[in-house]
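Trainee:
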């Protein structure tokens, strides 16, 4: 059926309003929780600005393929980068990390910069992703946490009561100096290649804090939302301000975009996400929303949450490998560029199978206002790095549209 021109304009206007109004005004829950939080760390951070020598301001990255695609334009080449591109799949990473604990490597600026740069040199990807860990902001705030091999992040003491939340230390702007220094060192060597900053989303941070360690179903935080909503709101706000400051430090120091990772949001239903989680994600992004850098939101298992994730106020939505990009674009109403979503499992498949899959992802992504190629999850540690290089070469050989 052909939609009359007037009806089509109305339909586009309604879709745009559904997207833009939450970005302008936020949600009622978000405004309420933001005003009510008593242990906010936001006052520790100065008002955000990008200096004149920032890569987005001096022209180094503003017209790069990545930033152009994030802003819905036509890039000079089809951009690609990989989540966890700096990591255990690279022999050079294993060499420089030898004998150095994970969190320590994140807090040594020279080492963090070197690890961030390694995949750019090797693969010719169109972005560097800052090497860090989602629990680094917790550690910098003074929360006792470490990475236990074979387990993941483990807290010294879980956060499960109102008293526990009230006792949480506030992240200070001064404590973020190792992060800013690592970003400055990285950007100085990247030239025209953008650096992407990142942070764990408030729900994912709070889930670790309530459970005290990784969990299969995140029952603890999901229970707290309903059994003690005030304590949950206070914890989510603390996590939001901590994540927001972490993003702000990276962007102001030279990152050209930032991604909010909600690793565990897929454990939530849409109702709980919208009521108990989205306001905190909005609050985290409020720290950097006025800087003018593209903001990306990604979660795993979040096919049913994509619209709500967009509506926290981001420019790009990352899609995991479970949902075809043309369907993701349909659900989002064609309102934002997409990022993704090569299935990491296929990196070990025969080349002809992987190549066909990459081409399918590109075709599906062509329906969106913009598309940045990525995986639908992180690079598996057993991945052959030469395969990633070959994937990049393939993507770059296909003209951008």
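In UniProt numbering, the protein residues as written are 1 to 401.
We put the CB at the ideal spot given by N, CA and C, even for glycine.
Fair warning: this is a prediction, and the values are worked out from it, not measured in the lab.
Rounded to whole angstroms, what's the CA-CA distance from residue 21 to residue 289? Just pull it up for me.
Mentor: Its pLDDT being 44, under 50, residue 21 is placed unreliably in this model, and the value from its coordinates should be taken loosely. So the two alpha carbons sit approximately 15 Å from each other.
Trainee: Is the distance from the Cβ of residue 256 to the Cβ of residue 62 below 9 Å?
Mentor: Yes, these two residues count as a Cβ contact at 9 Å.
Trainee: Leaving out five residues before and five after residue 284 in sequence, what residues of the same chain have Cβ atoms less than 6 Å from its Cβ?
Mentor: Once the five neighbours on either side are set aside, the close Cβ partners of residue 284 are 202, 240, 243, 244.
Trainee: Is the beta carbon of residue 142 closer than 9 Å to that of residue 155?
Mentor: No, the pair does not count as a contact, with Cβ atoms beyond the cut-off.
Trainee: If we count Cβ pairs, one from each stretch, closer than 8 Å, do we get three or more for the segment 267–281 versus the segment 304–324?
Mentor: Yes, the segment 267–281 touches the segment 304–324.
Trainee: I need the straight-line Cα distance from residue 344 to residue 274, nearest angstrom please.
Mentor: Roughly 29 Å separates the two Cα atoms.
Trainee: Going by C-alpha to C-alpha distance, which of 53, 137, 360, 361 sits closest to residue 192?
Mentor: Checking every option, the nearest Cα to that of residue 192 belongs to 53.
Trainee: Please state if the CB of residue 319 and the CB of residue 376 are separated by a distance shorter than 9 Å.
Mentor: The answer is yes: Cβ separation under 9 Å.
Trainee: From the DSSP secondary-structure annotation, give me the bridge partner or partners of residue 87.
Mentor: Its beta-bridge partners do not exist; DSSP assigns none.
Trainee: Are the segment 79–93 and the segment 112–123 touching by the rule of at least three beta carbon pairs closer than 8 Å?
Mentor: Result yes; three or more Cβ-Cβ pairs closer than 8 Å.
Trainee: Give me the residue from 360, 339, 179, 210 with the minimum Cα distance to residue 251.
Mentor: Considering only alpha carbons, the answer is 179.
Trainee: Compare the beta carbon distance of residue 84 and residue 392 with 9 Å and say whether it is the shorter of the two.
Mentor: No, they are not a contact pair.
Trainee: For residue 276, tell me which candidate among 213, 137, 340, 233 has the shortest Cα-Cα distance.
Mentor: Among 213, 137, 340, 233, the Cα nearest to that of residue 276 belongs to 233.
Trainee: Where does residue 241 fall in DSSP's three states?
Mentor: Correct three-state label for residue 241: helix.
Trainee: Taking the DSSP output, what are the residues bridged to residue 296?
Mentor: Residue 296 pairs with 259, 316.
Trainee: Identify every run of the beta strand (DSSP E) within the segment 139–183, keeping only runs that are complete inside it and at least 3 residues long; order them along the chain.
Mentor: As far as the segment 139–183 is concerned, its whole beta strand (DSSP E) runs of at least 3 residues are 145–148, 152–155.
Trainee: Could you tell me which whole alpha helix (DSSP H) segments of length 4 or greater appear in the segment 348–380?
Mentor: Within the segment 348–380, the complete alpha helix (DSSP H) runs of at least 4 residues are 351–365.
Trainee: Quick check on the DSSP output: what are the complete alpha helix (DSSP H) runs of length 4 or more inside the UniProt domain "Uroporphyrinogen decarboxylase (URO-D)" (196–212), in order along the chain?
Mentor: List check, alpha helix (DSSP H) in window: 202–211.
Trainee: When you compare the CB positions of residue 134 and residue 261, do they come within less than 9 Å of one another, or not?
Mentor: Contact flag set, yes.
Trainee: Applying the 10 Å Cβ sphere with the 16-neighbour rule, what's the burial state of residue 99?
Mentor: Residue 99 is exposed by the Cβ-count criterion.
Trainee: Quick check: the segment 345–365 against the segment 322–330, are there 3 or more CB pairs under 8 Å?
Mentor: Touching, yes, given that three or more Cβ pairs across the two stretches are closer than 8 Å.
Trainee: Cutting at 6 Å between CB atoms, please list the residues of its own chain near residue 111, excluding the five before and the five after it.
Mentor: Excluding residues within five positions, the ones whose Cβ falls inside 6 Å are 105.
Trainee: Can you tell me which of the three DSSP states residue 396 falls into?
Mentor: In the structure shown, residue 396 sits in a helix (DSSP, three-state: H, G or I).
Trainee: Note down, in chain order, each residue of its chain lying with its Cβ closer than 6 Å to the Cβ of residue 264, except the 5 sequence neighbours on either side.
Mentor: Counting only Cβ-Cβ distances below 6 Å, and skipping sequence neighbours, we find 204, 207, 218.
Trainee: For residue 120, report the span of its alpha helix (DSSP H) as first-last.
Mentor: Counting along the chain, the alpha helix (DSSP H) containing residue 120 begins and ends at 109–123.
Trainee: Less than 9 Å between the beta carbons of residue 74 and residue 401, yes or no?
Mentor: Contact: yes.
Trainee: Report the three-state DSSP secondary structure of residue 128 (helix, strand or coil).
Mentor: In this structure, residue 128 counts as strand in the three-state DSSP scheme.
Trainee: How close, in whole Å, do the beta carbons of residue 361 and residue 373 come, if the pair is a contact with beta carbons under 8 Å?
Mentor: Yes, residue 361 and residue 373 are in contact; Cβ-Cβ is about 7 Å, under 8 Å.
Trainee: Helix, strand or coil for residue 338? Go by DSSP, reduced to three states.
Mentor: Looking at residue 338 - three-state DSSP - the assignment turns out to be strand.
Trainee: Would you mind sorting residue 200 into buried or exposed? The rule is 16 or more other CB atoms within 10 Å of its CB.
Mentor: Buried, by the Cβ-count rule.
Trainee: Answer with buried or exposed for residue 371, where buried requires no fewer than 16 other C-beta atoms within 10 angstroms of its C-beta.
Mentor: The residue in question, residue 371, is buried, as its Cβ has 16 or more Cβ neighbours within 10 Å.
Trainee: Excluding sequence positions up to five away, which residues of its chain have a Cβ less than 7 Å from the Cβ of residue 77?
Mentor: Cβ neighbours of residue 77 beyond the five flanking positions: 65, 396, 400.
Trainee: I'd like to check one pair, residue 57 with residue 151: are the Cβ atoms closer than 9 Å?
Mentor: Going by C-beta atoms, residue 151 is not nearer than 9 Å to residue 57.
Trainee: Just to confirm the assignment, what range does the alpha helix (DSSP H) spanning residue 227 have?
Mentor: Unbroken alpha helix (DSSP H) run through residue 227: 219–227.
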